[in-house]
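Scroll down for the structure; my scribbles are underneath it.
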Amino acid sequence: MFEALQPLPQDPILQLMQTFREDDRPDKVDLGIGVYKDDAGNTPIMAAVHEAERRLLEGETTKSYVGPAGSTGFNSAMAELILGSNSPLVRDGRVSVIQTPGGCGALRMAAEFLRLCKADTKVWVSTPTWANHLPLLGGAGLTIREYPYLNPETLQVDFGAMLETLERADAGDVVLLHGCCHNPSGADLSLAQWQEVTSLIQRKGLLPFVDMAYQGLGEGLDADAAGLRHLASAVPEMLIAASCSKNFGLYRERTGALALVSETATVNAAATSQLLSVIRSHYSMPPAHGASIVETILGDDDLRAQWQQELNGMCERILHLRHAFAGALSSFGDFEFIARQRGMFSFLGISPEQVGRLRKEHGIYMLESSRVNVAGLNDHVLPQVASALREVLGK
4 MFEALQPLPQ DPILQLMQTF REDDRPDKVD LGIGVYKDDA GNTPIMAAVH
54 EAERRLLEGE TTKSYVGPAG STGFNSAMAE LILGSNSPLV RDGRVSVIQT
104 PGGCGALRMA AEFLRLCKAD TKVWVSTPTW ANHLPLLGGA GLTIREYPYL
154 NPETLQVDFG AMLETLERAD AGDVVLLHGC CHNPSGADLS LAQWQEVTSL
204 IQRKGLLPFV DMAYQGLGEG LDADAAGLRH LASAVPEMLI AASCSKNFGL
254 YRERTGALAL VSETATVNAA ATSQLLSVIR SHYSMPPAHG ASIVETILGD
304 DDLRAQWQQE LNGMCERILH LRHAFAGALS SFGDFEFIAR QRGMFSFLGI
354 SPEQVGRLRK EHGIYMLESS RVNVAGLNDH VLPQVASALR EVLGK
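The opening residue of the sequence shown carries number 4 in the numbering used here; numbering runs sequentially from there.
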(Lines of atoms letter the chains of each structure in order from A; the text may use other names.)
(Lines give C-alpha, C1' and ligand atoms only; values in the text may rest on other atoms or scores of the structure.)
Protein backbone atom coordinates (compact mmCIF):
# COMPACT_ATOMS: atom_id res chain seq x y z
CA MET A 4 0.00 0.00 0.00
CA PHE A 5 2.70 2.51 0.93
CA GLU A 6 5.69 1.39 -1.15
CA ALA A 7 4.88 3.57 -4.16
CA LEU A 8 4.61 6.77 -2.13
CA GLN A 9 7.27 9.41 -2.75
CA PRO A 10 8.43 11.95 -0.15
CA LEU A 11 7.01 15.45 -0.48
CA PRO A 12 9.15 18.57 -0.06
CA GLN A 13 8.94 20.05 3.41
CA ASP A 14 6.67 23.04 4.00
CA PRO A 15 8.84 26.15 3.39
CA ILE A 16 7.97 27.71 6.76
CA LEU A 17 8.79 24.50 8.64
CA GLN A 18 12.00 24.16 6.62
CA LEU A 19 12.97 27.72 7.51
CA MET A 20 12.30 26.96 11.18
CA GLN A 21 14.58 23.91 11.05
CA THR A 22 17.36 25.78 9.23
CA PHE A 23 17.21 28.60 11.79
CA ARG A 24 17.50 26.15 14.67
CA GLU A 25 20.58 24.53 13.07
CA ASP A 26 22.31 27.91 12.59
CA ASP A 27 24.85 28.33 15.42
CA ARG A 28 25.48 32.06 14.92
CA PRO A 29 24.70 33.83 18.21
CA ASP A 30 23.36 36.97 16.51
CA LYS A 31 20.91 35.23 14.17
CA VAL A 32 17.45 36.82 13.85
CA ASP A 33 14.20 34.94 13.16
CA LEU A 34 11.71 37.09 11.24
CA GLY A 35 10.06 34.14 9.51
CA ILE A 36 8.00 32.09 11.92
CA GLY A 37 4.58 33.65 12.46
CA VAL A 38 4.27 33.75 16.24
CA TYR A 39 4.32 36.71 18.60
CA LYS A 40 7.64 37.24 20.39
CA ASP A 41 8.61 39.51 23.25
CA ASP A 42 11.79 41.58 23.49
CA ALA A 43 13.71 38.51 24.69
CA GLY A 44 12.66 36.54 21.62
CA ASN A 45 10.27 34.28 23.53
CA THR A 46 6.62 33.50 22.87
CA PRO A 47 5.39 34.02 26.44
CA ILE A 48 2.45 32.51 28.27
CA MET A 49 0.19 35.39 29.26
CA ALA A 50 -0.23 35.95 33.00
CA ALA A 51 -4.01 35.75 32.65
CA VAL A 52 -3.61 32.37 30.95
CA HIS A 53 -1.36 31.14 33.77
CA GLU A 54 -3.96 32.15 36.36
CA ALA A 55 -6.83 30.62 34.40
CA GLU A 56 -4.93 27.34 34.10
CA ARG A 57 -4.21 27.34 37.83
CA ARG A 58 -7.91 27.69 38.55
CA LEU A 59 -8.76 24.93 36.09
CA LEU A 60 -6.25 22.53 37.62
CA GLU A 61 -7.67 23.17 41.07
CA GLY A 62 -11.33 23.07 40.11
CA GLU A 63 -11.67 20.70 37.15
CA THR A 64 -13.56 17.54 38.09
CA THR A 65 -13.83 15.62 34.81
CA LYS A 66 -12.15 14.86 31.51
CA SER A 67 -15.34 13.71 29.82
CA TYR A 68 -16.21 14.68 26.25
CA VAL A 69 -17.51 18.19 25.56
CA GLY A 70 -19.66 17.27 22.55
CA PRO A 71 -19.32 18.26 18.87
CA ALA A 72 -20.28 21.90 19.51
CA GLY A 73 -17.76 22.29 22.34
CA SER A 74 -18.37 24.40 25.43
CA THR A 75 -21.49 26.56 25.40
CA GLY A 76 -19.79 29.04 27.73
CA PHE A 77 -16.83 29.41 25.38
CA ASN A 78 -19.11 29.73 22.37
CA SER A 79 -21.17 32.47 24.00
CA ALA A 80 -18.05 34.36 25.06
CA MET A 81 -16.58 34.15 21.55
CA ALA A 82 -19.83 35.39 19.99
CA GLU A 83 -19.61 38.49 22.18
CA LEU A 84 -15.89 38.97 21.52
CA ILE A 85 -16.30 38.77 17.74
CA LEU A 86 -19.66 40.49 17.21
CA GLY A 87 -19.83 42.80 20.22
CA SER A 88 -21.64 42.63 23.55
CA ASN A 89 -24.99 43.92 22.25
CA SER A 90 -25.13 42.22 18.86
CA PRO A 91 -28.72 41.84 17.59
CA LEU A 92 -27.55 38.70 15.75
CA VAL A 93 -27.02 37.00 19.10
CA ARG A 94 -30.21 38.44 20.60
CA ASP A 95 -32.33 37.25 17.66
CA GLY A 96 -30.81 33.76 17.50
CA ARG A 97 -29.38 34.32 14.03
CA VAL A 98 -25.85 33.23 14.93
CA SER A 99 -24.43 30.02 16.33
CA VAL A 100 -20.81 29.60 17.40
CA ILE A 101 -19.09 26.21 17.36
CA GLN A 102 -15.80 25.49 19.16
CA THR A 103 -13.15 24.09 16.79
CA PRO A 104 -9.56 22.80 16.92
CA GLY A 105 -7.94 26.14 16.12
CA GLY A 106 -8.70 28.54 13.32
CA CYS A 107 -7.63 25.82 10.87
CA GLY A 108 -10.39 23.57 12.16
CA ALA A 109 -12.90 26.38 11.72
CA LEU A 110 -11.78 27.04 8.15
CA ARG A 111 -11.87 23.39 7.14
CA MET A 112 -15.24 22.65 8.76
CA ALA A 113 -16.68 25.74 7.07
CA ALA A 114 -15.35 24.46 3.74
CA GLU A 115 -16.86 21.01 4.30
CA PHE A 116 -20.16 22.62 5.27
CA LEU A 117 -20.16 24.82 2.16
CA ARG A 118 -19.54 21.79 -0.05
CA LEU A 119 -22.51 20.09 1.63
CA CYS A 120 -24.66 23.13 0.87
CA LYS A 121 -23.50 23.37 -2.75
CA ALA A 122 -21.09 20.86 -4.27
CA ASP A 123 -19.66 23.28 -6.85
CA THR A 124 -19.07 26.18 -4.45
CA LYS A 125 -16.52 28.74 -5.61
CA VAL A 126 -14.55 30.67 -3.02
CA TRP A 127 -12.64 33.84 -3.90
CA VAL A 128 -9.42 34.42 -1.96
CA SER A 129 -7.08 37.39 -1.96
CA THR A 130 -3.74 37.48 -3.77
CA PRO A 131 -1.75 37.01 -1.65
CA THR A 132 -3.44 35.13 1.15
CA TRP A 133 -2.30 32.90 4.00
CA ALA A 134 -0.73 29.88 2.28
CA ASN A 135 -2.76 27.33 4.26
CA HIS A 136 -6.06 28.82 3.08
CA LEU A 137 -5.62 27.04 -0.26
CA PRO A 138 -5.22 23.44 1.00
CA LEU A 139 -7.76 23.93 3.79
CA LEU A 140 -10.48 25.15 1.41
CA GLY A 141 -9.43 23.45 -1.80
CA GLY A 142 -8.83 20.17 0.01
CA ALA A 143 -12.52 20.08 0.90
CA GLY A 144 -13.38 20.20 -2.79
CA LEU A 145 -14.17 23.90 -3.15
CA THR A 146 -13.14 25.66 -6.36
CA ILE A 147 -10.61 28.42 -5.66
CA ARG A 148 -10.74 31.74 -7.49
CA GLU A 149 -8.44 34.69 -6.76
CA TYR A 150 -8.98 38.42 -6.55
CA PRO A 151 -6.11 40.95 -6.58
CA TYR A 152 -5.46 42.49 -3.19
CA LEU A 153 -1.91 43.76 -2.69
CA ASN A 154 -0.25 46.00 -5.25
CA PRO A 155 3.30 44.57 -5.45
CA GLU A 156 4.74 47.97 -6.37
CA THR A 157 3.18 50.10 -3.62
CA LEU A 158 2.60 47.25 -1.12
CA GLN A 159 -0.83 48.76 -0.43
CA VAL A 160 -4.32 47.40 -1.05
CA ASP A 161 -5.20 47.56 -4.75
CA PHE A 162 -8.82 48.21 -3.89
CA GLY A 163 -9.99 49.17 -7.37
CA ALA A 164 -8.67 45.93 -8.86
CA MET A 165 -10.20 43.96 -5.98
CA LEU A 166 -13.67 45.39 -6.60
CA GLU A 167 -13.38 45.05 -10.38
CA THR A 168 -12.56 41.35 -10.08
CA LEU A 169 -15.27 40.60 -7.50
CA GLU A 170 -17.80 42.14 -9.87
CA ARG A 171 -17.24 39.01 -11.98
CA ALA A 172 -18.26 36.70 -9.12
CA ASP A 173 -21.58 34.88 -9.45
CA ALA A 174 -24.45 34.94 -6.97
CA GLY A 175 -23.79 32.31 -4.31
CA ASP A 176 -20.01 32.53 -4.61
CA VAL A 177 -18.06 32.85 -1.37
CA VAL A 178 -15.63 35.72 -0.69
CA LEU A 179 -12.90 35.08 1.89
CA LEU A 180 -11.84 38.26 3.68
CA HIS A 181 -9.22 38.81 6.38
CA GLY A 182 -10.86 40.45 9.39
CA CYS A 183 -7.75 42.44 10.32
CA CYS A 184 -3.95 42.20 10.27
CA HIS A 185 -3.90 40.67 6.78
CA ASN A 186 -1.57 37.67 6.60
CA PRO A 187 0.88 37.86 4.87
CA SER A 188 0.82 41.52 3.84
CA GLY A 189 -0.29 43.56 6.88
CA ALA A 190 -2.34 45.75 4.49
CA ASP A 191 -5.89 46.06 5.85
CA LEU A 192 -9.11 47.43 4.42
CA SER A 193 -10.25 50.73 5.91
CA LEU A 194 -13.75 50.91 7.41
CA ALA A 195 -14.88 52.86 4.36
CA GLN A 196 -13.56 50.08 2.12
CA TRP A 197 -15.32 47.47 4.25
CA GLN A 198 -18.52 49.41 3.64
CA GLU A 199 -17.94 49.35 -0.14
CA VAL A 200 -17.21 45.63 -0.08
CA THR A 201 -20.39 45.10 1.94
CA SER A 202 -22.43 46.94 -0.70
CA LEU A 203 -20.89 44.82 -3.47
CA ILE A 204 -21.60 41.58 -1.56
CA GLN A 205 -25.22 42.62 -0.99
CA ARG A 206 -25.75 43.63 -4.61
CA LYS A 207 -24.10 40.53 -6.07
CA GLY A 208 -25.65 38.04 -3.64
CA LEU A 209 -22.28 36.72 -2.42
CA LEU A 210 -21.58 34.89 0.83
CA PRO A 211 -18.90 36.56 2.99
CA PHE A 212 -16.48 34.34 4.91
CA VAL A 213 -14.22 36.27 7.30
CA ASP A 214 -11.04 34.82 8.80
CA MET A 215 -10.48 36.63 12.10
CA ALA A 216 -7.13 35.29 13.31
CA TYR A 217 -5.56 38.38 14.90
CA GLN A 218 -8.31 40.34 16.67
CA GLY A 219 -6.70 42.73 19.16
CA LEU A 220 -3.25 42.83 17.55
CA GLY A 221 -3.99 45.54 14.98
CA GLU A 222 -5.54 48.54 16.71
CA GLY A 223 -7.55 46.91 19.51
CA LEU A 224 -10.35 44.37 19.98
CA ASP A 225 -13.26 46.56 18.87
CA ALA A 226 -11.41 48.54 16.19
CA ASP A 227 -10.13 45.34 14.60
CA ALA A 228 -13.66 43.91 14.42
CA ALA A 229 -15.36 47.07 13.12
CA GLY A 230 -15.37 46.03 9.46
CA LEU A 231 -16.55 42.52 10.22
CA ARG A 232 -19.35 43.82 12.46
CA HIS A 233 -20.53 46.26 9.80
CA LEU A 234 -20.64 43.43 7.27
CA ALA A 235 -22.44 41.08 9.67
CA SER A 236 -25.11 43.70 10.36
CA ALA A 237 -25.93 44.04 6.68
CA VAL A 238 -25.95 40.54 5.14
CA PRO A 239 -28.42 37.66 5.63
CA GLU A 240 -25.76 34.93 5.81
CA MET A 241 -22.10 34.82 6.78
CA LEU A 242 -19.33 32.58 8.10
CA ILE A 243 -16.58 33.66 10.51
CA ALA A 244 -13.51 31.63 11.49
CA ALA A 245 -11.82 32.87 14.66
CA SER A 246 -8.57 31.85 16.34
CA CYS A 247 -7.38 32.22 19.94
CA SER A 248 -3.80 31.31 19.04
CA LYS A 249 -2.49 34.84 18.79
CA ASN A 250 -4.59 37.06 21.06
CA PHE A 251 -4.51 34.52 23.91
CA GLY A 252 -1.11 33.02 23.00
CA LEU A 253 -2.69 29.54 22.86
CA TYR A 254 -0.87 28.34 19.74
CA ARG A 255 -0.37 24.72 20.78
CA GLU A 256 -3.76 24.38 22.47
CA ARG A 257 -5.54 24.62 19.08
CA THR A 258 -8.42 26.80 20.18
CA GLY A 259 -10.77 28.36 17.65
CA ALA A 260 -14.40 28.97 16.76
CA LEU A 261 -16.66 28.95 13.73
CA ALA A 262 -19.60 31.37 13.66
CA LEU A 263 -22.55 30.72 11.37
CA VAL A 264 -24.90 33.65 10.65
CA SER A 265 -28.29 32.90 9.08
CA GLU A 266 -31.24 35.02 7.99
CA THR A 267 -33.56 33.69 10.71
CA ALA A 268 -33.28 31.71 13.92
CA THR A 269 -35.16 28.81 12.30
CA VAL A 270 -32.74 28.64 9.38
CA ASN A 271 -29.83 28.91 11.79
CA ALA A 272 -31.01 25.95 13.84
CA ALA A 273 -31.31 23.77 10.76
CA ALA A 274 -27.94 24.88 9.34
CA THR A 275 -26.21 24.35 12.68
CA SER A 276 -27.53 20.79 12.88
CA GLN A 277 -25.98 20.09 9.48
CA LEU A 278 -22.69 21.70 10.51
CA LEU A 279 -22.54 19.60 13.67
CA SER A 280 -23.14 16.47 11.59
CA VAL A 281 -20.17 17.43 9.41
CA ILE A 282 -18.01 17.92 12.50
CA ARG A 283 -19.11 14.58 13.97
CA SER A 284 -17.94 12.80 10.82
CA HIS A 285 -14.48 14.42 10.94
CA TYR A 286 -12.95 14.89 14.39
CA SER A 287 -16.13 14.17 16.39
CA MET A 288 -15.55 16.87 19.03
CA PRO A 289 -12.92 19.50 19.90
CA PRO A 290 -10.28 19.46 22.65
CA ALA A 291 -11.38 21.20 25.83
CA HIS A 292 -8.37 22.72 27.57
CA GLY A 293 -7.69 25.84 25.50
CA ALA A 294 -11.36 26.74 25.27
CA SER A 295 -11.69 26.31 29.06
CA ILE A 296 -8.86 28.82 29.50
CA VAL A 297 -10.56 31.37 27.23
CA GLU A 298 -13.94 30.80 28.87
CA THR A 299 -12.40 31.28 32.33
CA ILE A 300 -10.70 34.53 31.31
CA LEU A 301 -13.65 36.06 29.48
CA GLY A 302 -16.05 35.03 32.25
CA ASP A 303 -14.16 36.76 35.06
CA ASP A 304 -14.00 40.56 35.20
CA ASP A 305 -10.56 40.71 36.82
CA LEU A 306 -8.99 38.09 34.55
CA ARG A 307 -10.54 39.67 31.48
CA ALA A 308 -9.14 43.08 32.45
CA GLN A 309 -5.70 41.55 33.01
CA TRP A 310 -5.81 39.74 29.66
CA GLN A 311 -6.96 42.86 27.83
CA GLN A 312 -4.14 44.89 29.40
CA GLU A 313 -1.60 42.28 28.27
CA LEU A 314 -3.11 42.14 24.78
CA ASN A 315 -3.06 45.93 24.51
CA GLY A 316 0.62 45.84 25.47
CA MET A 317 1.33 43.35 22.68
CA CYS A 318 -0.58 45.51 20.21
CA GLU A 319 1.25 48.67 21.26
CA ARG A 320 4.61 46.91 21.03
CA ILE A 321 3.89 45.80 17.45
CA LEU A 322 2.82 49.34 16.50
CA HIS A 323 6.01 50.72 18.07
CA LEU A 324 8.15 48.21 16.16
CA ARG A 325 6.42 49.08 12.88
CA HIS A 326 7.21 52.78 13.26
CA ALA A 327 10.74 52.07 14.52
CA PHE A 328 11.45 49.65 11.66
CA ALA A 329 10.19 52.10 9.02
CA GLY A 330 12.29 54.84 10.62
CA ALA A 331 15.43 52.68 10.71
CA LEU A 332 15.08 51.96 6.98
CA SER A 333 14.09 55.47 5.91
CA SER A 334 17.66 56.62 5.17
CA PHE A 335 17.95 54.30 2.16
CA GLY A 336 14.40 53.73 0.93
CA ASP A 337 10.70 54.40 1.31
CA PHE A 338 9.45 51.84 3.81
CA GLU A 339 6.73 54.02 5.32
CA PHE A 340 4.15 51.42 4.30
CA ILE A 341 5.40 49.28 7.22
CA ALA A 342 4.24 51.94 9.67
CA ARG A 343 0.84 52.21 7.96
CA GLN A 344 0.16 48.48 8.02
CA ARG A 345 -1.17 46.49 10.96
CA GLY A 346 -0.53 43.17 12.67
CA MET A 347 2.55 41.01 12.70
CA PHE A 348 3.42 40.78 9.00
CA SER A 349 4.73 42.90 6.16
CA PHE A 350 6.47 42.32 2.85
CA LEU A 351 9.79 44.13 2.41
CA GLY A 352 9.49 43.99 -1.37
CA ILE A 353 12.98 42.56 -1.94
CA SER A 354 13.97 39.70 -4.24
CA PRO A 355 14.43 36.02 -3.25
CA GLU A 356 18.14 36.44 -4.00
CA GLN A 357 18.38 39.32 -1.52
CA VAL A 358 16.45 37.29 1.05
CA GLY A 359 18.98 34.49 0.54
CA ARG A 360 21.89 36.88 1.08
CA LEU A 361 20.35 38.17 4.30
CA ARG A 362 20.15 34.60 5.59
CA LYS A 363 23.56 33.43 4.35
CA GLU A 364 25.65 36.53 5.09
CA HIS A 365 23.86 38.03 8.08
CA GLY A 366 21.85 35.26 9.76
CA ILE A 367 18.57 37.12 9.22
CA TYR A 368 15.76 34.71 8.38
CA MET A 369 12.53 35.52 6.55
CA LEU A 370 10.35 33.80 3.95
CA GLU A 371 11.55 33.86 0.35
CA SER A 372 8.63 36.15 -0.49
CA SER A 373 10.26 38.75 1.88
CA ARG A 374 7.40 38.46 4.36
CA VAL A 375 8.73 39.42 7.78
CA ASN A 376 7.25 38.92 11.23
CA VAL A 377 7.56 42.41 12.69
CA ALA A 378 6.94 40.97 16.17
CA GLY A 379 10.22 39.06 15.80
CA LEU A 380 12.10 42.35 15.99
CA ASN A 381 13.14 44.32 19.05
CA ASP A 382 14.94 47.61 19.60
CA HIS A 383 18.25 45.77 20.10
CA VAL A 384 18.29 43.97 16.73
CA LEU A 385 16.69 46.74 14.66
CA PRO A 386 20.04 48.45 13.83
CA GLN A 387 21.53 45.07 12.87
CA VAL A 388 18.64 44.26 10.52
CA ALA A 389 18.65 47.77 9.02
CA SER A 390 22.40 47.63 8.40
CA ALA A 391 22.14 44.22 6.74
CA LEU A 392 19.31 45.41 4.50
CA ARG A 393 21.27 48.49 3.49
CA GLU A 394 24.23 46.31 2.49
CA VAL A 395 22.13 43.76 0.58
CA LEU A 396 20.24 46.51 -1.26
CA GLY A 397 23.51 48.25 -2.12
CA LYS A 398 22.42 51.56 -0.64
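Note that beta-carbon positions come from the ideal geometry of N, C-alpha and C, so glycine has one too. If you're wondering where the values come from, they're calculated on a predicted model, not measured in any experiment.
Restricting to Cα atoms, I'd like to know which of Y152, S99 and E83 is closest to G302. Selected option, being the one with the closest Cα: E83.
Indicate the three-state DSSP secondary structure (helix, strand or coil) for G87 in the structure shown. In this structure, G87 counts as coil in the three-state DSSP scheme.
Could you check where the beta strand (DSSP E) with S99 kicks off and where it finishes? Element bounds for S99: V98 to P104.
Are the stretch 273 to 290 and the stretch 314 to 326 in contact at 8 Å, needing three or more beta carbon pairs? Output reads no: the stretch 314 to 326 does not touch the stretch 273 to 290.
Candidates W197, S354, G141 and Q218: closest to P211 by CA position: Nearest C-alpha to P211: W197.
CA nearest to the CA of E29, picked from A389, K398 and V384: Reading the sequence as shown, one finds Pro at residue 29 and not Glu. Checking every option, the nearest Cα to that of P29 belongs to V384.
Beta-carbon proximity of S460 to G106, cut-off 8 Å: Any question about residue 460 goes unanswered here, given that the chain covers just 4 to 398.
Status (buried if at least 16 other CB within 10 Å, exposed otherwise) for Q21: Residue burial is scored here from C-beta neighbours: Q21 has fewer than 16 other C-beta atoms within 10 angstroms and is therefore classed as exposed.
Report yes if the C-beta distance between M49 and W310 is below 8 Å; otherwise report no. Here M49 is near W310, since their CB atoms are less than 8 Å apart.
Using three-state DSSP, classify L145 as helix, strand or coil. In the structure shown, L145 sits in coil (DSSP, three-state: anything other than H, G, I, E or B).
Three or more C-beta pairs under 8 Å: does that hold for the stretch 67 to 74 against the stretch 213 to 220? No, the stretch 67 to 74 is not in contact with the stretch 213 to 220.
Give the C-beta separation of M215 and L231 to the nearest angstrom, bearing in mind that I take them to be a contact with Cβ-Cβ under 8 Å. About 6 Å; that satisfies the 8 Å criterion.
Whole angstroms are fine: how far does the CA of S284 sit from the CA of S129? Answer to the nearest angstrom: the Cα atoms are 30 Å apart.
Would you mind reading off the limits of the alpha helix (DSSP H) that contains T437? In this structure the chain extends from 4 to 398, so residue 437 is not present and cannot be described.
Could you check if S265 is buried or exposed, using at least 16 other CB atoms within 10 Å of its CB as the buried criterion? By the 10 Å Cβ count, S265 comes out buried.
Compute the distance between the beta-carbons of N376 and F348, then report whether it is under 8 Å. Against a cut-off of 8 Å, the Cβ pair of F348 and N376 comes out as a contact.
In terms of residue numbering, what span does the beta strand (DSSP E) encompassing H2 cover? Since the first residue shown for the chain is 4 and the last is 398, residue 2 is missing from the structure and cannot be characterised.
Is the stretch 175 to 193 touching the stretch 127 to 145 in the sense that three or more CB pairs, one from each, lie closer than 8 Å? The stretch 127 to 145 makes contact with the stretch 175 to 193; the number of CB pairs closer than 8 Å reaches 3 or more.
Whole-angstrom distance between K363 and I300, CA atom to CA atom: Between I300 and K363, the C-alpha separation is close to 44 Å.
If I follow the unbroken beta strand (DSSP E) through N376, where does it start and stop? Run containing N376: R374 to N376, per the beta strand (DSSP E) assignment.
Beta-carbon gap between A291 and I85 smaller than 8 Å: Contact: no.
Let me know the beta strand (DSSP E) ranges lying completely inside the stretch 153 to 237, each 3 residues or longer, listed in chain order. For the stretch 153 to 237, whole beta strand (DSSP E) runs of length 3 or above, ordered along the chain, are 177 to 181 and 210 to 215.
Let me check one thing: in DSSP terms, what residues is I243 bridge-paired to? Under DSSP, I243 takes part in a beta bridge, and its partners are V213 and A262.
Those runs of the beta strand (DSSP E) which lie wholly inside the stretch 313 to 362 and span at least 3 residues: Segments of the beta strand (DSSP E) lying fully in the stretch 313 to 362: 348 to 350.
On the criterion of 16 or more Cβ atoms from any shown chain inside 10 Å, does M4 qualify as buried, or is it exposed? Per the 10 Å Cβ criterion, exposed.
Quick one: is A272 buried, meaning 16 or more other Cβ sit within 10 Å of its Cβ, or exposed? The residue in question, A272, is exposed, as its Cβ has fewer than 16 Cβ neighbours within 10 Å.
In whole angstroms, what separates the C-alpha of V297 from that of F77? When rounded, the distance between both Cα atoms is 7 Å.
Are G366 and V98 close, meaning C-beta to C-beta below 8 Å? No, Cβ-Cβ distance for G366 and V98 is not below 8 Å.
Return the first residue and the last residue of the alpha helix (DSSP H) that N271 is part of. A268 to R283 is the extent of the alpha helix (DSSP H) around N271.
Length of the line joining the Cα atoms of V395 and D382: Approximately 21 Å between the Cα atoms of the pair.
What do you get for P386, buried or exposed, if any count of 16 or more other CB atoms within 10 angstroms of its CB means buried? It counts as exposed.
Can you tell me the Cβ-Cβ gap for S373 and F340, rounded? I've got them flagged as a contact below 8 Å. Not a contact, Cβ separation roughly 13 Å.
Starting from V32, follow its DSSP beta bridges and name the residues at the other end. DSSP output for V32 lists I367 as bridge partner(s).
Using a Cβ-Cβ cut-off of 8 Å (strictly less than) and excluding sequence neighbours within five positions of D225, which residues of its own chain qualify? Contacts found: G87.
I'd like to confirm the pairing. Which residues does DSSP put opposite P151 in its beta bridges? For P151, which the question treats as bridged, DSSP gives the partners T130.
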